[in-house]
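**Q** To start, I am sharing the structure in question, which I have written as structure tokens.
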Amino acid sequence: MPSTLIQLDNLSKVYGTGNATVHALNQVNLTIEEGEYCSIMGASGSGKSTAMNVIGCLDRPTAGHYYFDQQDVSLLPNPTLADIRNRKIGFVFQQFHLLPHLTALDNVILPMIYAGVSATERKDRAVRALERVGLGSRLYNKPNQLSGGQQQRVAIARAIVNNPRLLLADEPTGALDSRTVREILAIFQELHETGITIVMVTHEVEVAKETKRIVWFRDGNVVYDHLTPEEMLEVAIS
Ligand SMILES: Nc1ncnc2c1ncn2[C@@H]1O[C@H](COP(=O)(O)OP(=O)(O)OP(=O)(O)O)[C@@H](O)[C@H]1O
Ligand SMILES: [Mg+2]
68 MPSTLIQLDN LSKVYGTGNA TVHALNQVNL TIEEGEYCSI MGASGSGKST AMNVIGCLDR
128 PTAGHYYFDQ QDVSLLPNPT LADIRNRKIG FVFQQFHLLP HLTALDNVIL PMIYAGVSAT
188 ERKDRAVRAL ERVGLGSRLY NKPNQLSGGQ QQRVAIARAI VNNPRLLLAD EPTGALDSRT
248 VREILAIFQE LHETGITIVM VTHEVEVAKE TKRIVWFRDG NVVYDHLTPE EMLEVAIS
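Okay, structure coming up:
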């Protein structure tokens, strides 16, 4: 029996106060088991990134509960949350978010410095993570010497180098051409096969189709779950 990794329980997130109040998430219930490969879809402003920020322990709910790996995140102090993020969660973003003055290798080494890994092990693990995403020959290139797809692969290597339980990707293919999108999806598929839980936000039906579960957000809530590719297409054009 797989165990529950992510559980949002009547979870709400409100930004701002008074007239400027935005109900970004409105009593969301969502459970994701260890090992699932999910995509989150929905219109712009429907709360996808807000949900990802809560799931990734980058932000706390305003009301309701978030249980990550059976622990109620709202009860944990900030340093504990930072530690959970560093050890258990990897992040990939549309714009890669690599540090421009560091080589690919040093970008991937960075999260291991925070995790307290020894210097020799850091380098070994970073090299292996970059080899795993097909960048073994680009260790010493800086981001501006790499294509968009290569930069995203560095970001994936960085995200997996601490062997996280969960990989969160917010529109990871949004800035890439279709051939590169397929390469990135092939890497995600391989990671999925190793058992890591993946949650990915995407606007592209072709990308969502590759995942095993499609969740649809509207107005800060989950309105459809476990959509088939055919159902997703219908929802997408409606
Ligand atoms: N820091 C913030 N302060 C105030 N409002 C915010 C903040 N972040 C998001 N919002 C609002 O919350 C709502 C949900 O935003 P969110 O970024 O989660 O949407 P999204 O589904 O990721 O959209 P997109 O597809 O455009 O990325 C929107 O109305 C947005 O304007
Ligand atoms: Mg977003």
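Remember, this note's numbering sits 67 above the position in the sequence shown when you count from 1. In this text, a Cβ means the ideal position worked out from N, Cα and C, and glycines have one as well. Remember, it's a predicted structure, so these values are computed and weren't measured experimentally.
Give every residue of the same chain whose Cβ lies closer than 6 angstroms to the Cβ of A224, excluding the five residues on either side of it in the sequence, and list them in chain order.
**A** On the sequence shown, residue 224 is found 157 positions in, with the first residue counted as 1. Taken in chain order, the residues that qualify are V175, A196, L197, V200.
**Q** Am I right that L92 and T71 are in contact with their C-beta atoms under 8 angstroms? What's the rounded C-beta distance?
**A** Against the sequence shown, residue 92 aligns to sequence position 25. Against the sequence shown, residue 71 aligns to sequence position 4. Actually they do not touch by this definition, with Cβ atoms about 19 angstroms apart.
**Q** Between which two residues does the beta strand (DSSP E) harbouring H132 extend?
**A** As a working mapping, residue 132 is identified with position 65 in the sequence shown. 130 to 135 is the extent of the beta strand (DSSP E) around H132.
**Q** What does DSSP give as the partner residues of R266 in its beta bridges?
**A** Along the sequence shown, read from residue 1 onward, the residue named residue 266 stands at position 199. Residue identity check: residue 266 is Val in the sequence provided, not Arg. DSSP, once it has assigned bridges, lists C105, L235 as partnering V266.
**Q** Going by beta-carbon coordinates alone, are T170 and N208 separated by less than 8 angstroms?
**A** Sequence index remark: in the sequence shown, residue 170 carries index 103 (1-based). Sequence index remark: in the sequence shown, residue 208 carries index 141 (1-based). Contact: yes.
**Q** Rounded to the nearest angstrom, what separates D292 and A186 at their Cα positions?
**A** By 1-based counting over the sequence shown, the position of residue 292 is 225. By 1-based counting over the sequence shown, the position of residue 186 is 119. Roughly 44 angstroms separates the two Cα atoms.
**Q** Of all residues in the structure, which have a C-beta closer than 5 angstroms to any heavy atom of ligand 1, taken in chain order?
**A** Ordered along the chain, the selected set is Y82, V89, A91, S111, G112, S113, G114, K115, S116, T117.
**Q** Report yes if the C-beta distance between I251 and T240 is below 8 angstroms; otherwise report no.
**A** For the purposes of this step, residue 251 is taken as the residue at position 184 of the sequence shown. For the purposes of this step, residue 240 is taken as the residue at position 173 of the sequence shown. Their beta carbons are under 8 angstroms apart, which means I251 touches T240 by this criterion.
**Q** Is it buried or exposed for G183, if we count other Cβ within 10 angstroms and need 16 for buried?
**A** Translated into the one-based positions of the sequence shown, residue 183 becomes position 116. G183 should be labelled exposed.
**Q** Cβ of K80 within 8 angstroms of Cβ of F284?
**A** The sequence position of residue 80 within the sequence shown is 13, counting from 1. The sequence position of residue 284 within the sequence shown is 217, counting from 1. Contact flag unset, no.
**Q** Please confirm whether any heavy atom of ligand 2 lies closer than 7 angstroms to the CB of D237.
**A** For this step, residue 237 is matched to residue 170 along the sequence shown. D237: yes, Cβ under 7 angstroms from ligand 2.
**Q** What's the gap between the Cα of E100 and the Cα of G262?
**A** One-based indexing of the sequence shown puts residue 100 at position 33. One-based indexing of the sequence shown puts residue 262 at position 195. So the two alpha carbons sit approximately 11 angstroms from each other.
**Q** Taking 7 angstroms as the cut-off, is the beta-carbon of V268 closer than that to any non-hydrogen atom of ligand 2?
**A** Taking the sequence shown and counting its residues from 1, one reaches residue 268 at position 201. Within the cutoff, so yes.
**Q** Threshold first: 4 residues or longer. Then list the alpha helix (DSSP H) segments lying entirely within the region 121 to 206, N to C.
**A** If we require 4 residues or more, the alpha helix (DSSP H) runs fully inside the region 121 to 206 come out as 145 to 155, 171 to 181, 186 to 199.
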